[in-house]
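Residue numbers (this note's numbering), protein chains in the order written: chain A, 5 to 731; chain B, 85 to 369; chain C, 86 to 238. Working notes, beginning with the structure itself.
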Amino acid sequence: MSIGTSERRSGGHARVTGSQKFVADIGLEQMLHVRLVHLNCGHARIVSIDTAQALAVPGVVSVLTAAELPQPMPRYGPVFNDRPVLAVGETKYHGQPVAAVAAESKEVAEAAAELVRVQHEELPGVFTVAAALDPASPLVQEPELRPNDPLNHTNVLSERRFGWGDVESARADLVVENVYTFPMITHFAIEPHAFIAAAEDDGVAVWTPTQNPFQMQRILATVLGLPVAKVRVHALDPGGAFGGKQHPKYEPLVALLALRTGRPVRLVLTLEETFQEVRRTSCEIRARTGFNRDGTISFQDIQSDFLMGAYADIAERVIDKSNYLGCGPYRVPNSRTVVRALFSHTTPSTAFRGFGTPQVSWAHESQMDDAARKLGIDRVEIRLRNLAGKGEAFLPGDTPADGDWAVSVRKAADAIGWGTALSPGRGRGLAVAVKAGATTGASYSIVRLHWDGSATVLAGTSDMGQGARTVLAQVAAHELGIPHEWITIVMGDTATVPFDLQTSASRSTVFMGQAVMRACQDIKAQLKQMAAELHAPDAPVVELLRARFSAVRGEVIGVGSYRGEYQPEHPLGGAPSFYEFTCTASEVEVDEGTGEMLLVRHVTVADVGKALNPQHVEMQDEGAAVMGLGHTLMEHILLDDSGRIRNLGALDYRIPTTKDLPLEMHSLLVENADGPGPYGSKGAGEGGLMATAPAVASAVTEATGVVIRDLPLTPERVWLAINEKDA
Amino acid sequence: MQPFAYVRPATLSEALTLLDEHGPDASLLAGGTDLVVALRNRTLRPKVVIDLKRVAELRPSISDEEGWTTINATSVLTDISEDQRIRARYPALVDAAVTVGSAQIRNRATLTGNICHASPAADTAPALLVYGAIANVASVRGTSRVNLAEFFVGPRQTVLQPGELVTSIALPADATPRGATFVRITRRRGVDLATISLCCMVEATGRTQFAFGAVGPRPFLVADESGLLADLDVGDAAKDEVLRRLLTQASPISDVRGSREYREAMLLVMSRRALRLSIARLAAA
Amino acid sequence: MRIHVTVNGAERDLEVAPNTTLLDFLRDDLRLTGSKECCDLGECGACTVLVDGRSVNSCLMLAVEADASEVTTIEGLAKDGRLNPLQDAFLAKGAVQCGFCIPGQVMAGQYLLQRNPHPTLAEVREGLSGNLCRCGGYVQICEAVLAASEVGR
Numbered sequence: 005m006s007i008g009t010s011e012r013r014s015g016g017h018a019r020v021t022g023s024q025k026f027v028a029d030i031g032l033e034q035m036l037h038v039r040l041v042h043l044n045c046g047h048a049r050i051v052s053i054d055t056a057q058a059l060a061v062p063g064v065v066s067v068l069t070a071a072e073l074p075q076p077m078p079r080y081g082p083v084f085n086d087r088p089v090l091a092v093g094e095t096k097y098h099g100q101p102v103a104a105v106a107a108e109s110k111e112v113a114e115a116a117a118e119l120v121r122v123q124h125e126e127l128p129g130v131f132t133v134a135a136a137l138d139p140a141s142p143l144v145q146e147p148e149l150r151p152n153d154p155l156n157h158t159n160v161l162s163e164r165r166f167g168w169g170d171v172e173s174a175r176a177d178l179v180v181e182n183v184y185t186f187p188m189i190t191h192f193a194i195e196p197h198a199f200i201a202a203a204e205d206d207g208v209a210v211w212t213p214t215q216n217p218f219q220m221q222r223i224l225a226t227v228l229g230l231p232v233a234k235v236r237v238h239a240l241d242p243g244g245a246f247g248g249k250q251h252p253k254y255e256p257l258v259a260l261l262a263l264r265t266g267r268p269v270r271l272v273l274t275l276e277e278t279f280q281e282v283r284r285t286s287c288e289i290r291a292r293t294g295f296n297r298d299g300t301i302s303f304q305d306i307q308s309d310f311l312m313g314a315y316a317d318i319a320e321r322v323i324d325k326s327n328y329l330g331c332g333p334y335r336v337p338n339s340r341t342v343v344r345a346l347f348s349h350t351t352p353s354t355a356f357r358g359f360g361t362p363q364v365s366w367a368h369e370s371q372m373d374d375a376a377r378k379l380g381i382d383r384v385e386i387r388l389r390n391l392a393g394k395g396e397a398f399l400p401g402d403t404p405a406d407g408d409w410a411v412s413v414r415k416a417a418d419a420i421g422w423g424t425a426l427s428p429g430r431g432r433g434l435a436v437a438v439k440a441g442a443t444t445g446a447s448y449s450i451v452r453l454h455w456d457g458s459a460t461v462l463a464g465t466s467d468m469g470q471g472a473r474t475v476l477a478q479v480a481a482h483e484l485g486i487p488h489e490w491i492t493i494v495m496g497d498t499a500t501v502p503f504d505l506q507t508s509a510s511r512s513t514v515f516m517g518q519a520v521m522r523a524c525q526d527i528k529a530q531l532k533q534m535a536a537e538l539h540a541p542d543a544p545v546v547e548l549l550r551a552r553f554s555a556v557r558g559e560v561i562g563v564g565s566y567r568g569e570y571q572p573e574h575p576l577g578g579a580p581s582f583y584e585f586t587c588t589a590s591e592v593e594v595d596e597g598t599g600e601m602l603l604v605r606h607v608t609v610a611d612v613g614k615a616l617n618p619q620h621v622e623m624q625d626e627g628a629a630v631m632g633l634g635h636t637l638m639e640h641i642l643l644d645d646s647g648r649i650r651n652l653g654a655l656d657y658r659i660p661t662t663k664d665l666p667l668e669m670h671s672l673l674v675e676n677a678d679g680p681g682p683y684g685s686k687g688a689g690e691g692g693l694m695a696t697a698p699a700v701a702s703a704v705t706e707a708t709g710v711v712i713r714d715l716p717l718t719p720e721r722v723w724l725a726i727n728e729k730d731a
Numbered sequence: 085m086q087p088f089a090y091v092r093p094a095t096l097s098e099a100l101t102l103l104d105e106h107g108p109d110a111s112l113l114a115g116g117t118d119l120v121v122a123l124r125n126r127t128l129r130p131k132v133v134i135d136l137k138r139v140a141e142l143r144p145s146i147s148d149e150e151g152w153t154t155i156n157a158t159s160v161l162t163d164i165s166e167d168q169r170i171r172a173r174y175p176a177l178v179d180a181a182v183t184v185g186s187a188q189i190r191n192r193a194t195l196t197g198n199i200c201h202a203s204p205a206a207d208t209a210p211a212l213l214v215y216g217a218i219a220n221v222a223s224v225r226g227t228s229r230v231n232l233a234e235f236f237v238g239p240r241q242t243v244l245q246p247g248e249l250v251t252s253i254a255l256p257a258d259a260t261p262r263g264a265t266f267v268r269i270t271r272r273r274g275v276d277l278a279t280i281s282l283c284c285m286v287e288a289t290g291r292t293q294f295a296f297g298a299v300g301p302r303p304f305l306v307a308d309e310s311g312l313l314a315d316l317d318v319g320d321a322a323k324d325e326v327l328r329r330l331l332t333q334a335s336p337i338s339d340v341r342g343s344r345e346y347r348e349a350m351l352l353v354m355s356r357r358a359l360r361l362s363i364a365r366l367a368a369a
Numbered sequence: 086m087r088i089h090v091t092v093n094g095a096e097r098d099l100e101v102a103p104n105t106t107l108l109d110f111l112r113d114d115l116r117l118t119g120s121k122e123c124c125d126l127g128e129c130g131a132c133t134v135l136v137d138g139r140s141v142n143s144c145l146m147l148a149v150e151a152d153a154s155e156v157t158t159i160e161g162l163a164k165d166g167r168l169n170p171l172q173d174a175f176l177a178k179g180a181v182q183c184g185f186c187i188p189g190q191v192m193a194g195q196y197l198l199q200r201n202p203h204p205t206l207a208e209v210r211e212g213l214s215g216n217l218c219r220c221g222g223y224v225q226i227c228e229a230v231l232a233a234s235e236v237g238r
């Protein structure tokens, strides 16, 4: 049957023929085109905005500034309502829009945007962790936005502490202490963000490539003062999202413009504007780890400072989730992890594949290597000695380890040829990482079994490339016993599909998969009843439907839901429904003269419980690995002293190409059917990038003898480290 | 992109007259891979764009004329790098040409455009410099030839005067036996702008030339006439001394692609490597 | 300016402003939205089309430059609803994830196979290096091009 087979991608045909419609491909009658106006500096006081010249351009319909918006300025965000629709009083980061021009064509909008005169005065800003913590630095966020927060006169949004045992009195034979940094990187989805809004009857409709249509609906309803039912979100399949399209960006702005002008309004960002809109949270992590002589961990003491941007977005949760699993997948008797979420005058950081795990694994895995070297223990062996066993409560009081993780480590080690002879200039590394899977929230599905035996599945998941549509169809086909091709999945329209919390945290296969499965089971129960009533217990489904509905037709409707309960006392608001565990192993060759690196072989192992579609799982895990190679080898947003992004755009922000691939890549799966999703599946698709950096860096260390604790491992940085060692 | 007039002259004299008439208000269009970006970014705001692709005298061609291999202004990099004569005579130019952008870029970008754009990091410049290329220049006032070593003035600046355009690039066809190598440092293996680039040529006479890109305001050429660099019996330390002397003309800066220190260090590392390879290629020639 | 172009086999005679890129012309004037806009610099390859048989970044070409040319876009590959071998291989090999880069990848692969019907893996990686895929499906994309090169061998 369908489960466990590599069915072709649902929607694949449209994607290879160019007929797949992304938001920028939608054209509406009478549509206006929007261009944003921004300043070429980071933090600045807006003295005045003169829109007269822009408004005088033929074809310009509206120029919106903060002054034209409702007062007080509407603010929004997934957790904190701190982001204004347009900059008010000052810009807080390079590229924050101060005005928006709506015109009959994009050329006119662009020309008019240039004519909006913004008098401004550049102000000193906060661009680094050190500056954010310096009491002399300017405040990024107005204290009034957090009136009851004792930290509102600092740039610290929150400070959280987790831990157990007693780190202070824990005994250790070896203590390693190091500082690790992880850079700002940007999502670089190939689809730049795009938004369309149109007034519709007594409400508004918005087309957006969001991963989270229902949150979008809620936030738009709040900003616009409309009932939820009057906001219709068309969540078109994103052209890559990776967390960057999870939370509202400029949807409130285009919705307000559509209502103001009475015309459909379209805003398609440039890639540069997209870089200025979303990024991964950067950080500095100070790790102090105690080891016993046999390599077992005695304590973990981690202090992390994460640099968010100018608005909180979802960054605080990224940071909390990272910190909660700061010790990794290990058995740690004593732990103290402290994390601070810091504001800065930079692009608001948001969700990004791996959600804080790549940052913290960079630290805990590099610490393992450091200890292995100092204790003379093999780097794979030291991990095996510390890995939590299946069923072990490695996070006291929380979901126990839900996989046999050592199996993954051995598999990766075998595949990379661990312990076999190395050619000169080469080295190998291996690293692990674990992420808390989705915790709370509900997913609902409605399945309609039609009178001819085909079925329509309504699911609020977003298919952003991970293949949710394919996998959900496989689940329904399997449950209903009908061919995969007989199923249509309807997604992404809040007026049609039932609620889903969001497409994030690798939750869809587990949460929506279960909801679809339960909706199908609901149908099966109804069919069983029907068969009993018709005295045809063994009749095939199609015959049963014909007999039941005859010439007047009809359908059987099944409803299913799956939810993780909210637990207010839990640090994450709920226990992880599963863990995403990954092991990465890499072999590299370093050119010591130039610092350039050749990736010889790269292996990822994902513990997925059950691969419902093995090809889809492998392509995602391998894809994640390629993305991980980006932040490991070349990606970083560079700022100048005024907070301007120096490498804005595809020319100087480099991501991997086909030529940057390892010579050999392998994605291996561990399937023990031990997950909470359908057929024992777990979430997947983020793992491949969570341990890339420490695995590759470990290989570089073996090849060269130098240890690098800052990413990315650019040729220059590797060369510099080698040079300093030689000096 | 701001509005502009688009003209498509059929002859060189028409093109030159248009260029003369519109002066600084005109931009020349060959492959467009640099121009269209500048138009979109509004760093260039011409009133007239003169497309040279239909000018009869400038049509794509690679020809042998009186001891020169002449590459016409609208010849694209794909055709140049696939041409058998170019491959046989100027292998380092081919090595450089295939690093320019992607297949899509090389299908549009012209060699002449790469040179006239005068980026300090232009990949083809170092190879053209060591091969002794010249630019054939025309204007309504007549024609001239400019040695490429004198062509570049600074970033995006050439010796071309208003009203002048390059009709072709020509390389000496006959040459003593030689070995040449183009190398560069980039941030990734895929398509990238050079952090540094260089071309080394060792001639049978013992003369050794180096040309460098991305390490100063303009690509430049230096030579060692002593024969020491090409000499198999001279040790690395002595060669390094000569290389360091040649490299004193380099004045790299720090930017998003790399620091001055890294560029300086890579100049020596890559010069050594290119020299060794060139000597080996000369021996094989 | 009036231009005459053949797009996916159909002759078109249209008025176009000189400051219109070929990409905008295809997407906005002809409503052929399969070619995608991303970097607008010739770095990502999402806008790749064939002009007179050669792959180009349509964001770096003015529409007027295509006058008297033959243009093939992603919409022109399937015939009578049947996928061509490369499109089919992309689906068979699992090379398609979000799909936004795929039209450009397919066109770049199509060009590569026209020039070099039986490429090596290294040649495929070289030939597709101007097409970014952030889902990171490069391994499968390259496999798809190699698989298509075997069709009808």
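Just so you know, even glycine gets a beta-carbon here, dropped at the ideal spot from N, CA and C. Note that the coordinates shown come from a computational prediction; the quantities given were computed from them, not determined experimentally.
List, in chain order, every chain A residue whose beta-carbon is nearer than 8 Å to that of residue 269 of chain B. When 8 Å is used as the limit between beta carbons, residue 269 of chain B is near these residues of chain A: 598, 600 and 719, in chain order.
So with CB distances below 7 Å, who are the chain A contacts of residue 92 of chain B? Per Cβ cutoff of 7 Å: no residues; residue 92 of chain B is ~22 Å from chain A at best.
With 7 Å as the limit, tell me which residues of the segment 138-150 of chain C have their beta carbon closer than that to any beta carbon of chain B; keep them in chain order. Listed by position, the residues of the segment 138-150 of chain C near chain B (Cβ gap below 7 Å) are 139, 140, 141, 142, 145, 146, 147, 149 and 150.
Would residue 121 of chain B count as contacting chain C if we go by Cβ distances under 8 Å? Closer than 8 Å to some Cβ of chain C, the Cβ of residue 121 of chain B qualifies, so yes.
For residue 715 of chain A, decide whether its Cβ has a neighbour in chain C, counting only Cβ atoms nearer than 8 Å. Answer no: the Cβ-Cβ gap between residue 715 of chain A and chain C never drops below 8 Å.
Could you work out which residues of chain B lie near residue 104 of chain C, taking near to mean beta carbons separated by less than 8 Å? Residues of chain B whose Cβ lies closer than 8 Å to the Cβ of residue 104 of chain C are, in chain order, 85, 86, 87, 88 and 123.
I believe residue 757 of chain A touches residue 686 of chain A by the beta-carbon criterion, under 8 Å. Please report the beta-carbon distance rounded to the nearest angstrom. Any property of residue 757 of chain A remains undetermined from this structure, which presents chain A solely from 5 to 731.
On a CA-only basis, which of A:661, A:348 and A:673 is nearest residue 161 of chain A? Give me that one, please. Its Cα nearest to that of residue 161 of chain A, the residue A:348 stands out among A:661, A:348 and A:673.
Below 6 Å CB to CB, which residues in the same chain sit around residue 689 of chain A once its five sequence neighbours on both sides are set aside? These residues qualify, in order along the chain: 470, 510 and 624.
So, under 8 Å CB-CB, residue 163 of chain A and residue 344 of chain A are touching, yes? Tell me the CB distance rounded to an integer number of Å. Indeed, because the Cβ distance is near 5 Å, the residues count as touching under 8 Å.
Where residue 246 of chain A and residue 198 of chain B are concerned, what is the direct C-alpha to C-alpha distance, given to the nearest angstrom? Straight-line Cα distance between these residues: approximately 37 Å.
Would you call the CB atoms of residue 300 of chain B and residue 334 of chain B closer than 8 Å? Yes, they are a contact pair.
Under the three-state reduction of DSSP, which class applies to residue 398 of chain A: helix, strand or coil? In the structure shown, residue 398 of chain A sits in coil (DSSP, three-state: anything other than H, G, I, E or B).
Pick helix, strand or coil for residue 167 of chain B, following the three-state DSSP scheme. Residue 167 of chain B sits in coil when the DSSP states are folded into three classes, being neither helix nor strand.
Residue range of the beta strand (DSSP E) that includes residue 152 of chain B: Residues 152-156.
Cβ closer than 8 Å: which chain E residues qualify as neighbours of residue 620 of chain A? The structure shown contains no chain E; its protein chains are A, B and C.
Express the C-alpha separation of residue 124 of chain C and residue 109 of chain A in angstroms, rounding to a whole number. CA-CA distance, residue 109 of chain A to residue 124 of chain C, rounds to 20 Å.
Residue 342 of chain A and residue 301 of chain A: beta carbons closer than 8 Å? Going by C-beta atoms, residue 342 of chain A is not nearer than 8 Å to residue 301 of chain A.
Span separating the alpha-carbon of residue 251 of chain A from that of residue 506 of chain A: So the alpha carbons of these two residues sit roughly 10 Å apart.
Rounded to the nearest angstrom, what separates residue 668 of chain A and residue 553 of chain A at their Cα positions? In a straight line, the C-alpha of residue 668 of chain A is about 56 Å away from that of residue 553 of chain A.
Please report the straight-line C-alpha distance between residue 485 of chain A and residue 512 of chain A, rounded to a whole angstrom. Here the C-alpha atom of residue 485 of chain A lies approximately 22 Å from the C-alpha atom of residue 512 of chain A.
Burial state of residue 237 of chain B, where buried means 16 or more other Cβ atoms lie within 10 Å: Taking all protein chains shown into account, residue 237 of chain B has fewer than 16 neighbouring C-beta atoms within 10 Å of its C-beta and is therefore exposed.
Going by C-alpha to C-alpha distance, which of C:183, C:194 and C:234 sits closest to residue 466 of chain A? It is C:183 whose Cα lies nearest to the Cα of residue 466 of chain A.
Quick check on residue 28 of chain A: buried or exposed, where buried means 16 or more other Cβ atoms within 10 Å of its Cβ? Buried, by the Cβ-count rule.
What first and last residue would you give for the beta strand (DSSP E) that runs through residue 211 of chain A? Segment 207-212, the beta strand (DSSP E) holding residue 211 of chain A.
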